[in-house]
Amino acid sequence: MNPYVLVILLSSLGLGTTLTFASSHWLLAWMGLEINTLAIIPLMAQQHHPRAVEATTKYFLTQATAAAMILFAATTNAWTMGEWDINSLSHPLASTLTITALALKIGLAPVHFWLPEVLQGLNLTTGLILSTWQKLAPFALIIQVAPTIDPYLLSSLGLLSTLVGGWGGLNQTQLRKILAYSSIAHMGWMIIVLQLTPQLTLLALGTYIFMTTTAFLSFKMSLATKINTLSSAWAKTPTLMATTALALLSLGGLPPLTGFMPKWLILQELAKQELPLTATVMALAALLSLYFYLRLCYAMALTISPVTINSMTPWRSSNTQSTFVLAMSTIITLGLLPITPAILALTT
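If you want it as structure tokens, here you go:
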């Protein structure tokens, strides 16, 4: 892609998200979401591959549907209540429609079906943008409208997402689909605690972004898109595979890694609010997700790939990719648990 075009598209992505962050009016927020969607579409379709074009089309249709629902909900609220302000979403139909549309935008269950299919059709860099940056603007709106949403609806979305994210990833062999279901499960963890302590939602979102960045960049570095590819990667880049395995365990929420922190604090908050059943279901759903991360770790570290063909293998092939971002995100993904008290002091 032409570098000037790339700069324009990435600037538009930043502009769309910033516009939604800064807006207090529904039309301006909607405009930010639309700029965001339109900026990422050329990035998704740049490969000119039928699968990429199909993924782009699916993404465009779902995002356009969600945007239309947001516009309709905002218009309904303005018609009945005379308010365009984001924080004044008081009509029950408008608030339900809005949370459904925003759930569709970030891929919450039960409106998650597009996410694994779309992510599977993209390259790992665009998939990373879709899984991290594209979640920010809708999440900013979800946090603002959360006080007006029915708590049972939010809890249902959160529980269903963690369960679907856990179950859906069990049978997958494609790494991008596994990361898509991982994204759905993590979104569920964020939504479940949103009305209780929004600061924990932001903490979970931040750690999720760093952990997912590490996973995507590690797979990009080792040119892996399937579990089978991982089994031969250890011999080529043992250090990278060791850190990737730890990053995946961090995504699963194992101590003493960073990913344990948000899950621990969210379960603690649910217990404090006397919601033991919800906390138990969430913890069990986390075990489902952990299983498929362990599958990946097993394939990477504990299996030796059979070499049955006499062909040129990519042993020690020269790597021209920059590793700085990967190194920084890996450090954050693996080592933030000891500063939990400091983070807790900042979020309460």
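Be aware that the sequence shown starts at 420, since it is given in the numbering used here, and climbs by one per residue. All residues carry an ideal CB built from backbone N, CA and C; glycine is no exception. Fair warning: this is a prediction, and the values are worked out from it, not measured in the lab.
Residue burial classification, residue i (beta-carbon count within 10 angstroms, cutoff 16)
i, result
"His-531", "buried"
"Met-660", "buried"
"Met-747", "exposed"
"Thr-626", "buried"
"His-470", "Contrary to the premise, residue 470 reads as Arg rather than His in this sequence. Exposed is the call here."
"Pro-422", "exposed"
"Lys-691", "exposed"
"Pro-557", "buried"
"Met-420", "exposed"
"Val-537", "buried"
"Leu-696", "exposed"
"Phe-711", "buried"
"Ala-623", "buried"
"Leu-706", "exposed"
"Pro-757", "exposed"
"Thr-658", "exposed"
"Phe-743", "exposed"
"Gln-740", "exposed"
"Ala-820", "This structure cannot speak to residue 820, because the chain is shown only from 420 to 767."
"Trp-498", "exposed"
"Leu-668", "buried"
"Ile-427", "exposed"
"Leu-689", "buried"
"Leu-594", "buried"
"Ala-487", "exposed"
Residue j beta carbon less than 8 Å from that of residue i
i, j, result
"Leu-432", "Ile-459", "yes"
"Thr-484", "Leu-560", "no"
"Ala-565", "Leu-613", "yes"
"Ile-489", "Met-606", "no"
"Ile-562", "Pro-511", "no"
"Trp-533", "Lys-477", "yes"
"Ser-601", "Ser-708", "yes"
"Ile-505", "Trp-586", "no"
"Thr-633", "Thr-551", "no"
"Trp-449", "Ala-520", "no"
"Leu-582", "Ala-702", "no"
"Lys-655", "Leu-543", "no"
"Pro-535", "Ala-464", "no"
"Leu-555", "Ala-522", "no"
"Ala-698", "Ala-664", "no"
"Phe-491", "Leu-457", "no"
"Thr-631", "Met-680", "no"
"Ile-474", "Asn-496", "The sequence shown places Ala at residue 474, not Ile. Not closer than 8 Å, so no."
Selection from the options that minimises the alpha carbon distance to residue i
i, options, result
"Thr-781", "Gly-672, Leu-527, Ser-574 and Met-606", "Absent from the model: residue 781. The displayed extent of the chain is 420 to 767, so no value can be given."
"Thr-437", "Ile-454, Gln-465 and Ala-690", "Ile-454"
"Leu-579", "Leu-598, Asn-590, Phe-558 and Trp-608", "Trp-608"
"Leu-425", "Ile-518, Thr-545, Thr-631 and Thr-766", "Thr-545"
"Cys-716", "Thr-662, Lys-655 and Ala-493", "Thr-662"
"Leu-763", "Val-744, Thr-742, Gln-687 and Ala-704", "Gln-687"
"Leu-621", "Leu-429, Thr-766 and Ala-474", "Thr-766"
"Leu-541", "Phe-635, Trp-503 and Ile-603", "Phe-635"
"Gln-591", "Leu-745, Gln-539 and Lys-554", "Gln-539"
"Val-700", "Ser-574, Met-500 and Ala-720", "Ser-574"
"Thr-677", "Ile-750, Ala-652, Ala-522 and Ala-718", "Ile-750"
"Leu-755", "Leu-673, Ser-430 and Thr-475", "Leu-673"
"Pro-570", "Leu-615, Ala-474 and Pro-529", "Leu-615"
"Ile-646", "Leu-429, Leu-713 and Gly-671", "Leu-713"
"Ala-718", "Leu-694, Trp-683 and Ala-652", "Ala-652"
Element boundaries [alpha helix (DSSP H), containing residue i]
i, result
"Gly-526", "Looking at the DSSP string, Gly-526 is not in any alpha helix (DSSP H), and its letter there is neither H nor E."
"Phe-635", "617-640"
"Ser-550", "543-550"
"Lys-477", "469-500"
"Gly-587", "570-588"
"Met-701", "695-720"
"His-429", "For the sequence presented, residue 429 should be read as Leu rather than His. It spans 422-441 - the alpha helix (DSSP H) in which Leu-429 sits, taken as one unbroken run."
"Gln-593", "First-last for Gln-593: undefined, no H or E at that position."
"Val-537", "533-539"
"Pro-681", "679-691"
"Val-777", "The requested residue 777 does not occur in the structure, where the chain is confined to residues 420 to 767."
"Gly-671", "657-671"
"Ala-416", "Nothing can be reported for residue 416, as the shown portion of the chain is limited to 420 through 767."
"Asn-506", "Careful: Asn-506 lies outside any alpha helix (DSSP H) and carries neither H nor E."
"Ile-830", "Not covered by the structure: residue 830. The range shown for the chain is 420 to 767."
"Thr-648", "646-650"
Check: residue i C-beta below 7 Å from any heavy atom of the ligand MN
i, result
"Gly-546", "By its list of ligands, the structure shown contains no ligand whatsoever, and the ligand MN lies outside what it can speak to."
Rounded Cβ spacing between residue i and residue j (contact assumed at less than 8 Å)
i, j, result
"Ile-568", "Ile-518", "5 Å"
"Ser-650", "Leu-745", "Not really, about 21 Å apart at Cβ, beyond 8 Å."
"Ile-611", "Ile-685", "7 Å"
"Gly-451", "Ser-443", "The Cβ separation is near 12 Å, so there is no contact."
"Ile-548", "Leu-462", "7 Å"
Neighbour flag for residue i against chain B, beta carbons, 8 Å
i, result
"Leu-438", "The chain labelled as chain B is not found in the depicted structure, where only one protein chain is given."
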